[in-house]
Amino acid sequence: MNYLLLAKVIQTLSKNKGRVRTQFLSILLVINIIVFGQNSPTISKVIEYRPAPGQHINRFFPPPEESDTYDHALAYANRILVGNNNQSIIGLGAFGGYIVVGFDHSIVNVKGEYDFKGYGNAFVNGSEPGVVMVCQDLNKNGKPDSNETWYELAGSEYHNNQTIKDYEIIYYRPNQIKQDVKWTDNQGNKGTIKHIEYATQNHIYPNWITEDKITFKGTKLPNNLIKKGKINLIAFKYGYIDNQPNNVSIDKNGFKIDWAVDKNGKTVQLDYIDFIRVHTGLLQEAGSLGETSTELRGIEDLHPQAQLSANIDEHFTQKLQLSINHKKLTISNIKNVVEIVLLDLTGKKYRSIKNQNSISLDNMENGIYIVHLKLSNNQIITKKIIL
Ligand SMILES: [Ca+2]
Ligand SMILES: [Ca+2]
Ligand SMILES: [Ca+2]
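If you count by the numbering used here, then the sequence shown holds residues 57 to 443, one letter each, in order.
Below is the structure:
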């Protein structure tokens, strides 16, 4: 149903509302799918930006005047990545530095297809691969929560025996300007991120981070440096951002949601994803080039208008009934609803109730509302009602 049609329905209902009220019963329309305009294929928001120390941090990523507070750094990240410009890049610093982005819709896992494409600034022999992880917004609140699992997309090096899973590194804030950043890791190693000569800023440890040490975790990829006269950073086959040039074929820089694996390396079947996280995958000093650090230019949903096929048992939802009586919405023929949430069309929560099969509609104006039925298995059934 499009906007116009929807507006007509509201109009008609508004005309009738006197009659509806006097009858003290209400008309209830349940609409399963409403498409509001077109989904944007590009990033709609940067949710978190946490780069590791690096030669461009506080200098270009972000510029000095925006490196003072986290709010400024996050606003900068949004300015660079949101929308369709794909003109600028944002850097993630040394190993582990990461960014989390979201979209204005769920990216659907279309069977057999590449689902999204990542853009960086890689060129031939200039690859700085970033590891990609994905997450579903199970409670539909627009942000990744602690009980919403991140899954790595297993790229070509996932099973390389030099790839280290669950790698963990701590960077320590230098106490003098122009000083290298020391690190230690969970493998018993230590080293530094060099404050290379042409990094003219005072510090390569993010200025806005108040803690004196920062920890990053994730899969660490094998080094890709080959020195043959000049420094070559060799591309991996597929499955990383800022690894292959942007204009190569999709089998080199596309991503399939089907590659998702859990922390034990087991494949998980995800019908859609809502959030993408990219972290610098290498801990490598490349001589005069300094540390290897992933840059991100954008991410594109390759089929933004794809519809999610019902991932909820049809039989189960067909029996489900919503009815309104005496200013109360009642849910029937379903057992495991743990919460009923009423939202307005912008997604703002209006009211909710836990462990009940009905919710009061008192003092609610006529209009369209979204009903989320949260089930005990973490699934959410979405319905729209018109009062
Ligand atoms: Ca797919
Ligand atoms: Ca790069
Ligand atoms: Ca969430």
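Note that beta-carbon positions come from the ideal geometry of N, C-alpha and C, so glycine has one too.
Proximity winner among the options, relative to residue i (alpha-carbon distances)
i: S388; options: K404, Q412, G403; result: Q412
i: S210; options: N320, A133, Q235, S408; result: Looking at the sequence itself, residue 210 is Ala, so the reference to Ser does not match. Residue N320 is the option with its Cα nearest to A210.
i: T271; options: Y223, F292, Y294; result: Y223
i: E122; options: N263, I390, A150; result: N263
i: N418; options: L398, K404, K384, I437; result: Before going on, a small fix: residue 418 reads as Asp here, not Asn. For the residues L398, K404, K384, I437, the minimum Cα distance to D418 belongs to K384.
i: Y254; options: E169, I113, G423, S162; result: I113
i: K286; options: N303, W315, A342, D314; result: A342
i: Y228; options: D160, D314, K250; result: K250
i: F172; options: L376, L399, I424, G354; result: G354
i: L392; options: C191, Y406, K410; result: One detail in the question is off: residue 392 reads as Asn in this sequence, not Leu. When only C-alpha atoms are compared, the closest one is K410.
i: T336; options: K273, G310, K312, L398; result: K273
i: D400; options: N381, T438, L364; result: T438
i: Q43; options: I415, P360, Y406; result: No answer is possible for residue 43: it lies beyond the span of the chain, which begins at 57 and ends at 443.
i: L443; options: V397, T248, R407, I380; result: I380
i: Q463; options: G149, W206, Y406, N177; result: The structure shown has nothing for residue 463, since the chain only spans 57 to 443.
i: D318; options: Y207, F117, V166; result: Y207
i: K404; options: I424, I390, S414; result: I424
Counted within 10 angstroms of its Cβ, other Cβ atoms place residue i as buried (16 or more) or exposed
i: E347; result: buried
i: T402; result: exposed
i: P107; result: buried
i: S432; result: exposed
i: S82; result: Confidence at S82 is low in this model, with a pLDDT of 40, below 50, so its placement is unreliable and no value can be given for it.
i: D268; result: exposed
i: D330; result: buried
i: N197; result: exposed
i: S202; result: exposed
i: H428; result: buried
i: Q476; result: The question about residue 476 has no answer, for the chain in this structure spans 57 to 443.
i: F179; result: exposed
i: G174; result: buried
i: N217; result: exposed
i: N309; result: buried
i: Q192; result: buried
i: Y406; result: exposed
Chain D contact for residue i (CB, 8 Å cutoff)
i: N389; result: The structure shown contains no chain D, having only a single protein chain.
Cβ shell of residue i (< 7 Å), same chain only, five flanking positions each side left out
i: K221; result: T275
i: D307; result: Y294
i: L130; result: V102, Y105
Residues of its chain near residue i, where Cβ-Cβ distance is below 8 Å and the 5 sequence neighbours each way are ignored
i: P119; result: Y132
i: V138; result: T98, I99, S100, K101, V102
i: D160; result: N95, S96, S100
Sub-8 Å separation of residue i and residue j beta-carbons
i: V334; j: T323; result: no
i: I290; j: N181; result: yes
i: G110; j: I260; result: yes
i: Y328; j: V164; result: yes
i: I155; j: L352; result: yes
i: N422; j: L338; result: no
i: V190; j: A362; result: no
i: E169; j: L358; result: yes
i: I441; j: L378; result: yes
i: G149; j: F116; result: no
Other residues of its chain near residue i: CB distance less than 6 Å, five sequence neighbours each side excluded
i: V157; result: I99, V102, I332
i: N258; result: I233
i: N288; result: N181, I282
i: H128; result: E122
i: F292; result: P185, S212, E213, N299
i: K430; result: V394, E395, I436
i: T240; result: I226, K246
| field | Segments of 4+ residues assigned as alpha helix (DSSP H) that fall wholly inside the region 363 to 442 | value | 370 to 375
Worksheet item: Can you give, in chain order, each stretch of the beta strand (DSSP E) that sits fully within the region 242 to 277 and has at least 3 residues?
Response: 246 to 249, 269 to 276
Please list the segments of the beta strand (DSSP E) lying wholly inside the region 278 to 346, counting only runs of 3 or more residues, in order along the chain.
-> 281 to 284, 286 to 289, 328 to 336
For a minimum of 4 consecutive residues, which ranges assigned as the alpha helix (DSSP H) are wholly contained in the region 123 to 147?
126 to 137
| task | Pick out the complete beta strand (DSSP E) segments inside the region 154 to 241, 3 residues or longer, and give them in chain order. | result | 154 to 164, 172 to 175, 186 to 191, 206 to 209, 220 to 228, 237 to 241
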